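**Student:**
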Amino acid sequence: MKSRLAALCVALLLLGGGFAAGYFVPRENHATAEPPEFGPVEVGFAQDMATHHVQAIELCHALSADVDEMLTALCTQIQTSQTQEIGILTGWLELLDQPLASRAPMAWMHDHHDSAHSHTGSSSPMPGMASWLEVDALRQSNGNEAEVQFLQLMLRHHQGGIDMAGYAAQHATVPVVARLATIMIKEQSQETAVMEQLLRRRGGEPLPYP
């Protein structure tokens, strides 16, 4: 079982690189076309998902060094893919001369806004986000306890990210935004499947979501 999970983690690393490569390959020459018009969904998604991704990377940084190599590989995948995506999202915002952070987080998701943080214990309105108390508790843990806490927090975090990306994939009118959101859903769903297995092996249960 352990070797199968390790192989799956390695496969995720390769898939992450493939998604990124596929995303950056030019699909057509639009040199003479009008630039796409980013609306509230596109701008809000870019702002909030970049912020959401930053916390995923922070959770990986908070994980102690004495954890299983499979979690280390998983964190490498998460940090690599989400750092690349932060670059894309903030690049769009810079080109549009938009703030990198929203003054009204999650307003672009409408009906999800009010319930996004109802079960996270976080002051952040973004779905799945950990509170700073939870991040600090992870930072102070080690061994199996740290592994369980990390998997619980990252699973919930990914569930929130998938919800955000799903809304953007359905409602964004700019194809490149919908395409990136779809890539996020694929990679985070694959990582979620791995984390669920790793958590079960450690006798842990997922945190409530939403």
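According to the numbering used here, the residues represented by the sequence shown are 421 to 630, in order. Every residue gets a Cβ at the ideal spot worked out from N, C-alpha and C, and that includes glycine. All of these numbers come straight from a predicted model, not from anything done at the bench.
1) What first and last residue would you give for the alpha helix (DSSP H) that runs through Y587?
2) For H481, does the count of other Cβ atoms within 10 angstroms reach 16, so buried, or fall short, so exposed?
3) Candidates Q572, H530, P545 and A550: which alpha carbon is nearest P460's?
4) Going straight from the alpha carbon of E462 to that of L600, what length do you get?
5) Candidates V597, A466 and A585: which alpha carbon is nearest E514's?
6) Within the continuous alpha helix (DSSP H) that includes E489, where are the two ends?
7) Excluding the five sequence neighbours on either side, which residues of its own chain have a C-beta within less than 8 Å of the C-beta of C495, listed in chain order?
8) If we call anything under 9 Å between Cβ atoms a contact, is V668 one with G563?
9) Would you grab the beta carbon distance between S470 and L516 for me? Rounded to a whole angstrom, and I think it's under 8 Å.
10) Check L627 in the structure and name its three-state DSSP category.
11) By the three-class DSSP mapping on this structure, what secondary structure does R447 have?
**Tutor:** The short version:
1) G563 to H591
2) exposed
3) H530
4) 11 Å
5) A466
6) E489 to L515
7) C480 and L483
8) Lying outside 421 to 630, the shown extent of the chain, residue 668 is not represented and no answer is given.
9) Correcting the residue identity first, residue 470 is Ala in this sequence and not Ser. The Cβ separation is near 13 Å, so there is no contact.
10) coil
11) In this prediction, R447 has a pLDDT of 46, which is less than 50 and means its spatial position is unreliable; what the coordinates show is noted afterwards. Residue state, collapsed to three classes: coil.
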